[in-house]
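Trainee: This structure is in structure tokens; I'll ask about it shortly.
There are 2 protein chains.
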Amino acid sequence: MRAEDILKEYAEVVDKEMEKLFENRRYLLYDMMRYHLGWLDENLRKVEQYRGKRFRPTLCLLVYSSIAGVYDKALPAAVAIELIHNFSLIHDDIEDMDEERRHRPTVWKLFGIPHAINAGDGMHVLANIAALKLRERYVSSDKILDVLEILNNAVMNLCEGQFLDMSFQDRDTITMQEYMEMIYKKTASLIEASCKIGAILATDDEEIVNRFSSFGRNIGLAFQIVDDIIGIWGKEEKTGKPVASDIRNKKKSMPIVCVFESDRRDEIVEIYRKEKLSEEDIEKVLNILNELNILEVCKKEAEKFKKIALEELEKTGIKNEPIEKIKTLAEFLIEREY
Amino acid sequence: MRAEDILKEYAEVVDKEMEKLFENRRYLLYDMMRYHLGWLDENLRKVEQYRGKRFRPTLCLLVYSSIAGVYDKALPAAVAIELIHNFSLIHDDIEDMDEERRHRPTVWKLFGIPHAINAGDGMHVLANIAALKLRERYVSSDKILDVLEILNNAVMNLCEGQFLDMSFQDRDTITMQEYMEMIYKKTASLIEASCKIGAILATDDEEIVNRFSSFGRNIGLAFQIVDDIIGIWGKEEKTGKPVASDIRNKKKSMPIVCVFESDRRDEIVEIYRKEKLSEEDIEKVLNILNELNILEVCKKEAEKFKKIALEELEKTGIKNEPIEKIKTLAEFLIEREY
Numbered sequence: 462m463r464a465e466d467i468l469k470e471y472a473e474v475v476d477k478e479m480e481k482l483f484e485n486r487r488y489l490l491y492d493m494m495r496y497h498l499g500w501l502d503e504n505l506r507k508v509e510q511y512r513g514k515r516f517r518p519t520l521c522l523l524v525y526s527s528i529a530g531v532y533d534k535a536l537p538a539a540v541a542i543e544l545i546h547n548f549s550l551i552h553d554d555i556e557d558m559d560e561e562r563r564h565r566p567t568v569w570k571l572f573g574i575p576h577a578i579n580a581g582d583g584m585h586v587l588a589n590i591a592a593l594k595l596r597e598r599y600v601s602s603d604k605i606l607d608v609l610e611i612l613n614n615a616v617m618n619l620c621e622g623q624f625l626d627m628s629f630q631d632r633d634t635i636t637m638q639e640y641m642e643m644i645y646k647k648t649a650s651l652i653e654a655s656c657k658i659g660a661i662l663a664t665d666d667e668e669i670v671n672r673f674s675s676f677g678r679n680i681g682l683a684f685q686i687v688d689d690i691i692g693i694w695g696k697e698e699k700t701g702k703p704v705a706s707d708i709r710n711k712k713k714s715m716p717i718v719c720v721f722e723s724d725r726r727d728e729i730v731e732i733y734r735k736e737k738l739s740e741e742d743i744e745k746v747l748n749i750l751n752e753l754n755i756l757e758v759c760k761k762e763a764e765k766f767k768k769i770a771l772e773e774l775e776k777t778g779i780k781n782e783p784i785e786k787i788k789t790l791a792e793f794l795i796e797r798e799y
Numbered sequence: 462m463r464a465e466d467i468l469k470e471y472a473e474v475v476d477k478e479m480e481k482l483f484e485n486r487r488y489l490l491y492d493m494m495r496y497h498l499g500w501l502d503e504n505l506r507k508v509e510q511y512r513g514k515r516f517r518p519t520l521c522l523l524v525y526s527s528i529a530g531v532y533d534k535a536l537p538a539a540v541a542i543e544l545i546h547n548f549s550l551i552h553d554d555i556e557d558m559d560e561e562r563r564h565r566p567t568v569w570k571l572f573g574i575p576h577a578i579n580a581g582d583g584m585h586v587l588a589n590i591a592a593l594k595l596r597e598r599y600v601s602s603d604k605i606l607d608v609l610e611i612l613n614n615a616v617m618n619l620c621e622g623q624f625l626d627m628s629f630q631d632r633d634t635i636t637m638q639e640y641m642e643m644i645y646k647k648t649a650s651l652i653e654a655s656c657k658i659g660a661i662l663a664t665d666d667e668e669i670v671n672r673f674s675s676f677g678r679n680i681g682l683a684f685q686i687v688d689d690i691i692g693i694w695g696k697e698e699k700t701g702k703p704v705a706s707d708i709r710n711k712k713k714s715m716p717i718v719c720v721f722e723s724d725r726r727d728e729i730v731e732i733y734r735k736e737k738l739s740e741e742d743i744e745k746v747l748n749i750l751n752e753l754n755i756l757e758v759c760k761k762e763a764e765k766f767k768k769i770a771l772e773e774l775e776k777t778g779i780k781n782e783p784i785e786k787i788k789t790l791a792e793f794l795i796e797r798e799y
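Right under this line is the structure:
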């Protein structure tokens, strides 16, 4: 089965459950959320077949069913995870002043900053309300509280990660350790939580839960590093963004942090101090990266985390179709073309 | 016992518990929250004795102890409520572009909008994490889930209320029904939840829980109407704001909504259509309000809700010191001078 087909199948299941949560919610506030989730277009008319990948909830459901056989009981938690991810996107887009997401205006661009802040808050609440629907699925109250703890600790990490990311913008350099802490919190933590929640809902076996958590954490780190690679070396026709877009935006992503840790540090610090980079500056940065062979360094890092992730999966000792699907997804997330 | 003394006593208890939640949280992100909560000054130095009233958590603790005798078990929930209130203030201040709160710069004014959005989000998560600490107080898991449901439904109401409030700004008039719906969601709902949570943690008696909820809802409505009165007729030396400040800001508060429902409607609509009101415009609005005797109308409305609230309290059949304190607080919240 192809990764795209797996994602399509689960995205439909997740969205169907998510739509239930929006039933009878009639304020325009909820239409802003529906717009962000890809259910409505800019004129608030229904969109068919426009959706995000939903890979976090898909992982949650697959982990659950790799242990428990079916996925129904985990659905409310999967929806909660996807809503957390999307609330944070709505707010990140304001904080980073991003005007487009997936080729459409961002929520703040369309409805203004005040409404976008509030719509993000609303989606944050809805995520918790979604998780509480586990009560309707005969999950024990203790387990539901465990899920809520994992979920909310992950959201706290998201906020800390976003805080670090924003703070890094005002600094000349950051260390690799600081960078790893940031991407763990900002990206890997919620993927880790998706897997951990799927596991904990299905079993009390701590070792299994820890293996799946570790799988999620490591695949999340690999995923972010690949994202960083694409942000610099991704082809325009694949990414929809200009070449070297992360350099253009002076992002301190992993390739740049690698330079900070090299003897070419001062050159890049000087360039990044400029208000706006010229084409010549961008060329210079790309040359430094090239001379230090940093694309390879980053690819190896991503491979390293992917390898750990897949080993953890192996060590669960579980062999079945859901596990195969998780492997396919893991490969897909890391092997994106650039 | 004076209301001020009751509030002081409970504010200290609430803040002590709240501070525990912030232990070992070292990022500047948390200092932004500490600043907002009044624990740090603008230079992030410790402040002694600067605090908000904390009346929502105080109500929660008093309701709990009116039934159960002590308040300890309800503390994590009380903290959660106060954090929800404050997260919403941080975001409301951005949405309304308010530069000052309690004579200090608002969080966004001091740290910028991106960090303020994120700090508000962080406080929102912390509220849920606080509520989950009920687990350490031997509260049954089922009860904790009930508390989380009440709390999160109230937060959903907050977002809906804020949405309505912002939407009203773009409209010529609103009806009294719409206005009441908005203030229920934006103000009364969280006060209702404070009382309901205090009650539900202490008893399974549905009638008692409903009486306390209704008390909170009605005292919340009265509280907001008094706030609206102060926003127009409050004296500068009491409010720290210019006379008729709500008119200056063209707020559609209850006194204005009363005019919308009168035969002077068109006059006020015309004035409120202006970009900025002159002193003469403000005088005209005050005259209309005066001629229609609207201060008295609003006072009567506030009295009406206060009366219902106190009757509900009476009907619980509970007579003890905490109930007396609740009454004192209710009078205090409504009888604020203006």
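Which chain is which? The protein sequence lines are A and B, in order.
Taken in order, the first sequence gives residues 462 to 799; the numbers are from the working numbering.
Taken in order, the second sequence gives residues 462 to 799; the numbers are from the working numbering.
From the three backbone atoms N, C-alpha and C, an ideal C-beta is built for every residue, glycine too.
Residues in the same chain with beta-carbon distance under 6 angstroms from Leu774 of chain A, minus the five sequence neighbours each way, listed in chain order, please.
Mentor: In the first sequence, counting from the first residue as 1, residue 774 of chain A sits at position 313. The residues are Phe676.
Trainee: Quick one: using the 10 Å Cβ neighbour count with 16 as the cut-off for buried, is Lys786 of chain B buried or exposed?
Mentor: Sequence index remark: in the second sequence, residue 786 of chain B carries index 325 (1-based). Classification of Lys786 of chain B: buried, given that the 10 Å Cβ count is 16 or more.
Trainee: Confirm, please, whether the CB-CB distance from Val475 of chain A to Pro518 of chain A is below 8 angstroms.
Mentor: Locating residue 518 of chain A in the first sequence gives position 57, counting from the first residue. Locating residue 475 of chain A in the first sequence gives position 14, counting from the first residue. Against a cut-off of 8 angstroms, the Cβ pair of Val475 of chain A and Pro518 of chain A comes out as a contact.
Trainee: Can you give me the start and stop residues for the alpha helix (DSSP H) that Asp727 of chain B sits inside?
Mentor: Position 266 of the second sequence holds residue 727 of chain B. Arg726 to Tyr733 is the span of the alpha helix (DSSP H), which, as asked, contains Asp727 of chain B.
Trainee: Pick helix, strand or coil for Leu520 of chain B, following the three-state DSSP scheme.
Mentor: The sequence position of residue 520 of chain B within the second sequence is 59, counting from 1. Leu520 of chain B: helix per DSSP, three-state reduction.
Trainee: Below 8 angstroms on the Cβ atoms is my contact criterion, and I expect Cys656 of chain A with Cys521 of chain A to pass it. Report the Cβ-Cβ distance as a whole number of Å.
Mentor: Numbered from 1 along the first sequence, position 195 holds the residue referred to as residue 656 of chain A. Numbered from 1 along the first sequence, position 60 holds the residue referred to as residue 521 of chain A. Between Cys521 of chain A and Cys656 of chain A the Cβ distance is about 7 angstroms, and since that is below 8 angstroms, they are a contact.
Trainee: By the DSSP assignment, the alpha helix (DSSP H) with Leu468 of chain B in it spans what residues?
Mentor: Residue mapping note: residue 468 of chain B aligns to position 7 of the second sequence, counting from 1. Counting along the chain, the alpha helix (DSSP H) containing Leu468 of chain B begins and ends at Ala464 to Phe483.
Trainee: Reducing DSSP to helix, strand and coil, say where Glu736 of chain B ends up.
Mentor: Indexing the second sequence from 1 puts residue 736 of chain B at position 275. Three-state result, Glu736 of chain B: coil.
Trainee: In chain B, which residues lie less than 9 angstroms from Glu478 of chain A when you measure between Cβ atoms?
Mentor: Indexing the first sequence from 1 puts residue 478 of chain A at position 17. By Cβ distance, chain B contributes nothing, its closest Cβ being about 18 angstroms from Glu478 of chain A, past 9 angstroms.
Trainee: Need the endpoints of the alpha helix (DSSP H) that Val508 of chain B sits in, please.
Mentor: One-based indexing of the second sequence puts residue 508 of chain B at position 47. First-last for Val508 of chain B: undefined, no H or E at that position.
Trainee: In terms of residues, what are the limits of the alpha helix (DSSP H) holding Ala539 of chain B?
Mentor: Start at 1 with the first residue of the second sequence, and residue 539 of chain B comes out as number 78. Unbroken alpha helix (DSSP H) run through Ala539 of chain B: Leu536 to Glu556.
Trainee: Please check the pair Trp569 of chain A and Asp554 of chain A, which I expect to be a contact at CB under 8 angstroms, by giving their CB distance rounded to whole angstroms.
Mentor: What you label residue 569 of chain A is simply residue 108 of the first sequence in a count that begins at 1. What you label residue 554 of chain A is simply residue 93 of the first sequence in a count that begins at 1. Rounded, the Cβ-Cβ distance is 6 angstroms, consistent with contact.
Trainee: One question on the structure: do Ile686 of chain B and Met643 of chain B come within less than 8 angstroms of each other, judged by their Cβ atoms?
Mentor: Start at 1 with the first residue of the second sequence, and residue 686 of chain B comes out as number 225. Start at 1 with the first residue of the second sequence, and residue 643 of chain B comes out as number 182. No, these two residues do not count as a Cβ contact at 8 angstroms.
Trainee: I think Met584 of chain A touches Leu544 of chain A, with their Cβ atoms under 8 angstroms apart; what is that distance to the nearest whole Å?
Mentor: Within the first sequence, residue 584 of chain A is the residue found at index 123, counting from 1. Within the first sequence, residue 544 of chain A is the residue found at index 83, counting from 1. That belief holds up - the Cβ atoms of Met584 of chain A and Leu544 of chain A are roughly 5 angstroms apart, short of 8 angstroms.
Trainee: Within its chain, find whatever has a CB closer than 7 angstroms to the CB of Ile749 of chain B; leave out the 5 residues flanking it on each side and keep chain order.
Mentor: In the second sequence, counting from the first residue as 1, residue 749 of chain B sits at position 288. Here the set comprises Val720, Arg725, Glu728 and Ile729.
Trainee: Are any of the Cβ atoms in chain B nearer than 8 angstroms to that of His546 of chain A?
Mentor: Position 85 of the first sequence holds residue 546 of chain A. Chain B, which has no Cβ nearer than 8 angstroms to the Cβ of His546 of chain A, makes this no.
Trainee: What does the alpha-carbon distance come out to for the pair Trp500 of chain B and Val540 of chain B?
Mentor: In the second sequence, counting from the first residue as 1, residue 500 of chain B sits at position 39. In the second sequence, counting from the first residue as 1, residue 540 of chain B sits at position 79. One C-alpha to the other measures close to 15 angstroms.
Trainee: Can you pull the chain A residues whose beta carbon is under 9 angstroms from the beta carbon of Val524 of chain B, in chain order?
Mentor: As a first step, residue 524 of chain B is located in the second sequence; it is residue number 63 there, counting from the start. Chain A residues near Val524 of chain B: none, gap ~23 angstroms exceeds 9 angstroms.
Trainee: So, does the CB of Asn485 of chain B fall closer than 8 angstroms to a CB anywhere in chain A?
Mentor: As a first step, residue 485 of chain B is located in the second sequence; it is residue number 24 there, counting from the start. So, not an interface residue.
Trainee: Any idea if Ser527 of chain A is buried or exposed, counting beta-carbon neighbours within 10 angstroms, 16 or more meaning buried?
Mentor: As a position in the first sequence, residue 527 of chain A is number 66, starting the count at 1. By the 10 Å Cβ count, Ser527 of chain A comes out buried.
Trainee: Can you grab the Cα-Cα spacing for the pair Arg801 of chain A / Lys712 of chain B, in whole Å?
Mentor: There is no way to answer for residue 801 of chain A, as the model of chain A reaches only from 462 to 799.
Trainee: Within its chain, find whatever has a CB closer than 6 angstroms to the CB of Asn679 of chain B; leave out the 5 residues flanking it on each side and keep chain order.
Mentor: Within the second sequence, numbered from 1, the residue matching residue 679 of chain B stands at position 218. Result list for Asn679 of chain B: Phe766, Ile769 and Ala770, in chain order.
Trainee: For Ile611 of chain A versus Leu595 of chain A, is the C-beta spacing smaller than 8 angstroms?
Mentor: Locating residue 611 of chain A in the first sequence gives position 150, where the first residue counts as 1. Locating residue 595 of chain A in the first sequence gives position 134, where the first residue counts as 1. No.
Trainee: Any beta-carbon of chain B closer than 8 angstroms to the one on Val616 of chain A?
Mentor: By one-based count along the first sequence, residue 616 of chain A stands at place 155. Chain B contact via Cβ: present.
Trainee: Going by DSSP, what residue range makes up the alpha helix (DSSP H) through Trp694 of chain A?
Mentor: One-based indexing of the first sequence puts residue 694 of chain A at position 233. Its alpha helix (DSSP H) spans residues Glu667 to Trp694.
Trainee: Nearest chain A C-beta to Phe684 of chain B closer than 8 angstroms, yes or no?
Mentor: As a working note, residue 684 of chain B is residue 223 in the second sequence. No - not a single Cβ of chain A is within 8 angstroms of the one on Phe684 of chain B.
Trainee: Which residue wins for smallest C-alpha separation from Glu731 of chain B, given the options B:Phe684, B:Phe673, B:Ile467 and B:Asp633?
Mentor: Position 270 of the second sequence, counting from 1, holds the residue named residue 731 of chain B. Nearest option by C-alpha distance: B:Asp633.
Trainee: How about Gln623 of chain B: is its C-beta nearer than 8 angstroms to some C-beta of chain A?
Mentor: Position 162 of the second sequence, counted from the start, is the residue given in the question as residue 623 of chain B. Yes, Gln623 of chain B lies at the interface with chain A (some Cβ there is under 8 angstroms from its Cβ).
Trainee: Since I believe Asn579 of chain B is in contact with Phe624 of chain A (beta carbons under 8 angstroms), could you give me their beta-carbon distance rounded to a whole number of angstroms?
Mentor: Numbered from 1 along the first sequence, position 163 holds the residue referred to as residue 624 of chain A. Numbered from 1 along the second sequence, position 118 holds the residue referred to as residue 579 of chain B. Confirmed, about 6 angstroms.
Trainee: My output table needs one value for Leu501 of chain B: the three-state DSSP class, helix, strand or coil.
Mentor: For the purposes of this step, residue 501 of chain B is taken as residue 40 along the second sequence, with counting starting at 1. If DSSP states are grouped into helix, strand and coil, Leu501 of chain B belongs with the strands.
Trainee: What separation, rounded to the nearest whole angstrom, lies between the Cα atoms of Ile652 of chain B and Asp492 of chain B?
Mentor: For the purposes of this step, residue 652 of chain B is identified with residue 191 of the second sequence, where counting begins at 1. For the purposes of this step, residue 492 of chain B is identified with residue 31 of the second sequence, where counting begins at 1. If I take the Cα positions, the gap works out to 27 angstroms.
Trainee: Secondary structure at Pro703 of chain A, three-state DSSP: helix, strand or coil?
Mentor: Within the first sequence, numbered from 1, the residue matching residue 703 of chain A stands at position 242. Of the three classes helix, strand and coil, the one that applies to Pro703 of chain A here is coil, per DSSP.
Trainee: From Tyr599 of chain B to Asp533 of chain B, what does the alpha carbon distance come to, in whole angstroms?
Mentor: In the second sequence, residue 599 of chain B corresponds to position 138, counting from 1. In the second sequence, residue 533 of chain B corresponds to position 72, counting from 1. The alpha-carbon atoms of Tyr599 of chain B and Asp533 of chain B are separated by roughly 11 angstroms.
Trainee: If we ignore side chains and look at the alpha-carbon of each, how far apart do Asp802 of chain B and Glu561 of chain B end up?
Mentor: With chain B represented from 462 up to 799, any question about residue 802 of chain B goes unanswered, as that position is not in the structure.
Trainee: 8 angstroms is my cut-off, CB to CB: does Glu744 of chain A come that close to chain B?
Mentor: The residue labelled residue 744 of chain A in the question sits at position 283 within the first sequence. Cβ-Cβ to chain B under 8 angstroms: no for Glu744 of chain A.
Trainee: Please report whether the beta-carbon of Asp631 of chain B lies at a distance below 8 angstroms from any beta-carbon of chain A.
Mentor: Here the question's residue 631 of chain B lines up with position 170 in the second sequence. For Asp631 of chain B, the answer is no, since every Cβ of chain A falls outside 8 angstroms of its Cβ.
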